[in-house]
Structures are given as structure tokens and as C-alpha cells.
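Going by this note's numbering, the sequence shown opens with residue 8, and the numbers climb by one from there. Here is the structure we will look at.
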Amino acid sequence: MIQIFSKIRAFAFAHKIVSLVVLVLVGYLAYRTFFAPSGTAQTLYTIGTVEKGTIVSTVTGTGQVSSSGQVDLKAKVSGSVLSIIAVDGTEVTAGSLLARIDAQNALNALESAKISYAKLTEAAKTSDVQSSQDNVEKSYGDTWSAISNTFLSYPGIISGMDSLFYSKGGYLADYFLAGQSDTVRGYRDVSGAKYDNAKRIYTNALLTYNSLSRSSSPSDLKKLLKDTETMVLGMSNAVKDTQNTLTFLATQSTYNSTGAASANSSVNSWIGTLNTNYSSLISAQGSITSSEAALLKTQTGAEPLDIQAELLNLQQKQQEYDDSFIRAPFDGVLAKTDVKLGEDINSGTVIGTFISKKSIATISLNEVDAAKVKIGQKATITFDAIDGLTLTGTVSEVDLVGTVTQGVVNYDVTVVFDTQDDRVLSGMSVNISVAT
8 MIQIFSKIRA FAFAHKIVSL VVLVLVGYLA YRTFFAPSGT AQTLYTIGTV
58 EKGTIVSTVT GTGQVSSSGQ VDLKAKVSGS VLSIIAVDGT EVTAGSLLAR
108 IDAQNALNAL ESAKISYAKL TEAAKTSDVQ SSQDNVEKSY GDTWSAISNT
158 FLSYPGIISG MDSLFYSKGG YLADYFLAGQ SDTVRGYRDV SGAKYDNAKR
208 IYTNALLTYN SLSRSSSPSD LKKLLKDTET MVLGMSNAVK DTQNTLTFLA
258 TQSTYNSTGA ASANSSVNSW IGTLNTNYSS LISAQGSITS SEAALLKTQT
308 GAEPLDIQAE LLNLQQKQQE YDDSFIRAPF DGVLAKTDVK LGEDINSGTV
358 IGTFISKKSI ATISLNEVDA AKVKIGQKAT ITFDAIDGLT LTGTVSEVDL
408 VGTVTQGVVN YDVTVVFDTQ DDRVLSGMSV NISVAT
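Below you can see the structure in the form of C-alpha cells.
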């Protein structure tokens, strides 16, 4: 043993570097064995199969059910409630008679205005005056036709523009414009904002249109004609801006021609339709002006200005008489009646509440969530009061201007129910999840 130890010592002195390395290695192994902490973490791997699936991102909010059209029916004249035609819960069509206010005084005033007007115009030939009046009535009938044709053409334009901007495959939708320059997206955003505003104008004008008819008063038809002209001009500007966006997009190096021809064809068609509508409305306006001027000219028994003043008075008395009849402003339901038979009421008194049957709900979202929500996105709706009921809806409006509450900016989002359920009542609480 002593001889072996001596040989090792002699080898160590002869090979100092090798000995040092061996010494370090032995020391490290001793440390790992006796001093290194136990429980050193190990890397574990989990193996699984790759699968395809759908990732759904949603934002949620709470709100209340309301009607898409809810108005207070207010009396426009004073008098006693002569009759109540419809009872609460009655479903009626636009223009249906709901209640009558005692119109005897209004009728007397109307008859007096007719006599005064007749005396003022008796010097004119009856046949000529009648012919001129027929022309005036025809001009208003033609005006109603032009207005109706305009509103009938709008659903196709609205549907097409919604699809172009907001559907997943829309040629100007976010999904399709991914990767385009900020300039291209800026063009799209400007034209999209103009379209959103034009659509809101159309929605408001449509309510007025649905509340009137061919036999409505001349003053109402003239106002509707003016509002319709404004509506068409706004949509024309939006569609033309959209056409400019398509033209600019075609000049970009990243331009994708897929769907371009269809988009351009649709936009050109809408521009043509809107131009035709506007020309018809302008022609109708000219027809009213010329026919009424001809009527005044025919009535030579008095100064034209005097005749016009008496005609305006007659129209006013006719309107006051018509206002004694409370009619449904659009198709819907008389939710409740606030007056009683025989009750004396004043102008402005609420007769009752009238609602459409189409339900909506409005939720408030913070600015982060609201930025993800777009018109046309689908939503799931549940109700606190109705267990197990789940309905679907569609985002119809997103506020462009937020409301600041305690330093937090919130935006109202309106969801229209896709289907109606008789169990759903106005005012019910809802929980809405919008798939973004």
C-alpha cells in the first residue's frame, strides 16, 4: 500500500496540471453528492394533438329592453275626449284611429274658413278653379309617389353599404383592409362615417314617412319632401366618397382585385339610383310650386297674396280639425292610455304611449370594449327574469360620442332583437354578449 501511495505522489509531482484537473473534478462530484440542494426542478413536456377550432372574442354588458319605436301620443288641440277607439294592448297599423277629441269648434272654424275662401275666389270660373285645384292635388300625389319610390329603393342600398363596410367579407371591412396603408384606411373611415350619419338621417326620416300617407296635409308632405331631399343628398355624398375610396385603393401596390369589380358595380348602381331619386324629388317640388302658382293666377277675383293668405288659413283650420283625431304614427301597439272618456285635456296632454313590436336593448361599454364593437356584429341575449331564454340580436348602432362618468368614458351600443318573444317585456334587464 505504501508503495502504491508513493507512486501516486511521484506521478502527481511529475504531472501537476493533470493532477489539478482531477482534484477539481473530484471536488465537484463530492459537492454534488453531499452538499447540492435536493429537489432541483425538472422540465416536463406535455404532448398533444394539434386541432383546428374557432376562437370567439366577446364583450359583455347589461342593459334594459325597450321598443325600437316608442312615442308619447300628445294632443295637439284642447277639448273633451269624445271617444277612445283602441284599448291598451291593441295592435294596429299606421294611421289607425285611436281616439277622438271633441272637434266641433275646430269643425266650425274650418267651415268658416271654407266660406271665406270661397267668397274670395267666387269671381273666378268654377271650372277653371277646379281644374287648377286638381292639378295641385295631382302634384302632391306625384310628390308622394316620388317619395315612396325613394324609400323603397333604400333598403337595397343600406344592405349593400352595410355589407361593404361591416360584413366579414366586405370589400372595405377591417378584415379585408388588413395590411393596407393608414391613408387607405383613412379614406375608408371618412366614407364610412358619412354613411353612418346618412343611415341615421334615413332612419329618422323613415319614421316620419311611415306616419304619413298620400292624403296627409300639404304642409306635412312639403316637409317630408324637403327631409327626403336632404336624406338623398347625404347618402349620395357617402356613396360618392365610397367610390373615391375604391378608386384610390386600386392605385396601391398591395391592391387586391378580388371583389373589386362587384364593389365598384354596386356603388355605381347606387349612385345612379340616388341621382334618379333626387331628380324625381326636385321635379316634384317644381310641380307643386308651379301648380299652386297657377291656381293663384286662375283665382283672379282677388289679389294673389290675399288668396294665398286665405288658403293658408284654410289649411291651418283643416290641420286643426285633423288634429282632433289621434292616429297611430306607425305599425305597433297602444301600450297604455293616460286619459279617460269625457276628460277635458289641453294641447300637449299625453294621450297614451305607443310602441312598435320590435324590441331593442341598449348597453353601455367602456372605451376599450366599445372600440371592438361594430354595426352588424351578432349578440347573445339572456334575461334575468326569464330562466332558460336566450335570444340573438344584431348591433344596430354604436355611439360616436361617449359619456364621461367619474373619469371613465362609456359608449352606448344598441342591439336589435333578431326574433321576438311574447315573454319579453319593455324594461326587463338583459345581459348581452357581443361577438367581436
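For every residue, glycine included, the Cβ atom is placed at its ideal position computed from N, Cα and C.
Check your understanding: What are the boundary residues of the alpha helix (DSSP H) that L312 is part of?
Key -> Taking the sequence shown and counting its residues from 1, one reaches residue 312 at position 305. Unbroken alpha helix (DSSP H) run through L312: P311 to D329.
For this session: Output the boundary residues of the beta strand (DSSP E) element that contains Y418.
Result: Locating residue 418 in the sequence shown gives position 411, where the first residue counts as 1. Here the beta strand (DSSP E) through Y418 covers V415 to F424.
Please state the DSSP three-state secondary structure of N438. The sequence position of residue 438 within the sequence shown is 431, counting from 1. It is a strand residue.
ask   = Given S276, which residues of its chain have a CB within under 8 angstroms of its CB, disregarding the five upstream and five downstream residues?
value = For the purposes of this step, residue 276 is taken as the residue at position 269 of the sequence shown. Cβ contact annotation for S276 (same chain, cutoff 8 angstroms, sequence separation greater than five): none.
Express the C-alpha separation of L281 and G163 in angstroms, rounding to a whole number.
Within the sequence shown, residue 163 is the residue found at index 156, counting from 1. Within the sequence shown, residue 281 is the residue found at index 274, counting from 1. Rounded to the nearest angstrom, the two C-alpha atoms are 12 angstroms apart.
(Q) I'd like the list of long-range same chain contacts for W151, defined as Cβ closer than 6 angstroms, with 5 residues on each side in sequence excluded. (A) Here the question's residue 151 lines up with position 144 in the sequence shown. Contacts found: R221.
- Alpha carbon to alpha carbon, how far is A93 from S297? Give it in angstroms, no decimals. In the sequence shown, counting from the first residue as 1, residue 297 sits at position 290. In the sequence shown, counting from the first residue as 1, residue 93 sits at position 86. Roughly 42 angstroms separates the two Cα atoms.
Inset, instruction - Using a threshold of 8 angstroms, state whether the C-beta atoms of A106 and I295 are closer than that. - result: Within the sequence shown, numbered from 1, the residue matching residue 106 stands at position 99. Within the sequence shown, numbered from 1, the residue matching residue 295 stands at position 288. No; because the gap between Cβ atoms is not below 8 angstroms, this pair is not in contact.
### Query
Who are K385's beta bridge partners in DSSP?
Here residue 385 corresponds to residue number 378 of the sequence shown, with the count starting at 1. K385 is bridged to T401.
| request: Leaving aside the five residues before and after L214 along the sequence, list all residues of the same chain whose C-beta is less than 6 angstroms from its C-beta, in chain order. | output: Translated into positions along the sequence shown, residue 214 becomes position 207. Correct list: empty, nothing qualifies.
For the 8 angstroms Cβ check, are there 3 or more pairs between the segment 389-396 and the segment 423-440? yes
**Prompt:** By the 10 Å Cβ neighbour count, where 16 or more other Cβ atoms means buried, how is L288 classified, buried or exposed?
**Reply:** As a first step, residue 288 is located in the sequence shown; it is residue number 281 there, counting from the start. Buried, because 16 or more other Cβ atoms sit within 10 Å of the Cβ of L288.
Between Y518 and E317, how many whole angstroms is the CB-CB distance? I'm expecting something under 8 angstroms.
Nothing about residue 518 can be reported from this structure: the residues present for the chain run from 8 to 443 only.
- With T356 and K81 assumed to form a contact (beta carbons below 8 angstroms), what rounded beta-carbon distance in angstroms separates them? Here residue 356 refers to the residue found at position 349 when the sequence shown is read from its first residue. Here residue 81 refers to the residue found at position 74 when the sequence shown is read from its first residue. So it is a contact: roughly 7 angstroms between Cβ atoms.
Self-check item: Whole-angstrom distance between E299 and D227, CA atom to CA atom
Solution: Position 220 of the sequence shown, counting from 1, holds the residue named residue 227. Position 292 of the sequence shown, counting from 1, holds the residue named residue 299. Rounded to the nearest angstrom, the two C-alpha atoms are 16 angstroms apart.
| query | What separation, rounded to the nearest whole angstrom, lies between the Cα atoms of Y209 and V423? | reply | Here residue 209 refers to the residue found at position 202 when the sequence shown is read from its first residue. Here residue 423 refers to the residue found at position 416 when the sequence shown is read from its first residue. Y209 and V423: Cα-Cα distance of roughly 17 angstroms.
What is the DSSP secondary structure of K59, counted as helix, strand or coil? Position 52 of the sequence shown, counted from the first residue, corresponds to residue 59. K59: coil per DSSP, three-state reduction.
- Task: Report all residues from its chain with a CB closer than 8 angstroms to the CB of K247; omit the five preceding and five following residues, and keep chain order.
- Result: As a working note, residue 247 is residue 240 in the sequence shown. Closer than 8 angstroms at the Cβ level, and outside the excluded window around K247, lie I278.
| task | Output the residue ranges of the beta strand (DSSP E) runs that lie fully inside the segment 76-106 and measure 3 residues or longer, sorted by chain position. | result | 77-81 and 86-91
Inset, instruction - Determine the burial state of P336: buried for a count of at least 16 other Cβ atoms within 10 Å of its Cβ, exposed for fewer. - result: On the sequence shown, position 329 is the one that residue 336 refers to. Its Cβ being crowded by 16 or more others within 10 Å, P336 is buried.
Handout entry: Option in A257, V78 and G349 with minimal Cα separation from I91
Key = Counting from 1 along the sequence shown, the entry for residue 91 is found at position 84. Checked all of A257, V78 and G349; the closest Cα to I91 is G349.
### Query
With DSSP run on the structure shown, which of helix, strand or coil describes R430?
The residue given as residue 430 occupies position 423 in the sequence shown. It is coil, neither helix nor strand.
* S119 and T369 closer than 8 angstroms at C-beta -> Taking the first residue of the sequence shown as 1, we reach residue 119 at position 112. Taking the first residue of the sequence shown as 1, we reach residue 369 at position 362. Not a contact, by the Cβ cut-off of 8 angstroms.
**Request:** Measure the alpha-carbon distance for T157 versus K59 and round it to whole angstroms.
**Result:** Position 150 of the sequence shown, counting from 1, holds the residue named residue 157. Position 52 of the sequence shown, counting from 1, holds the residue named residue 59. Approximately 47 angstroms, taken between the alpha carbons.
With DSSP collapsed to three states, give me the class of L341. Along the sequence shown, read from residue 1 onward, the residue named residue 341 stands at position 334. In the structure shown, L341 sits in a strand (DSSP, three-state: E or B).
task: Enumerate in chain order the residues of its own chain whose CB-to-CB distance from S64 is below 8 angstroms, with the five nearest sequence positions on each side excluded.
output: As a position in the sequence shown, residue 64 is number 57, starting the count at 1. The residues are K379, A442 and T443.
*How many Å lie between D419 and L219 at the Cα?*
Walking along the sequence shown from the start, residue 419 turns up at place 412. Walking along the sequence shown from the start, residue 219 turns up at place 212. When rounded, the distance between both Cα atoms is 30 angstroms.
- Less than 8 angstroms separating the beta-carbons of A205 and G241? Here the question's residue 205 lines up with position 198 in the sequence shown. Here the question's residue 241 lines up with position 234 in the sequence shown. Yes.
Distance check for A386 and S260, CA to CA, integer angstroms please. One-based indexing of the sequence shown puts residue 260 at position 253. One-based indexing of the sequence shown puts residue 386 at position 379. In a straight line, the C-alpha of S260 is about 37 angstroms away from that of A386.
(message) I want to know whether the segment 194-205 touches the segment 248-259 - three or more CB-CB distances under 8 angstroms.
(response) yes
- Residues bridged to G176 (per DSSP): Here residue 176 refers to the residue found at position 169 when the sequence shown is read from its first residue. In the DSSP assignment, no residue is bridged to G176.
If contacts are defined as beta-carbon pairs under 8 angstroms, then Y328 and L117 qualify, I think. What distance do you get, rounded to the angstrom?
The residue given as residue 328 occupies position 321 in the sequence shown. The residue given as residue 117 occupies position 110 in the sequence shown. That pair is a contact at about 5 angstroms.
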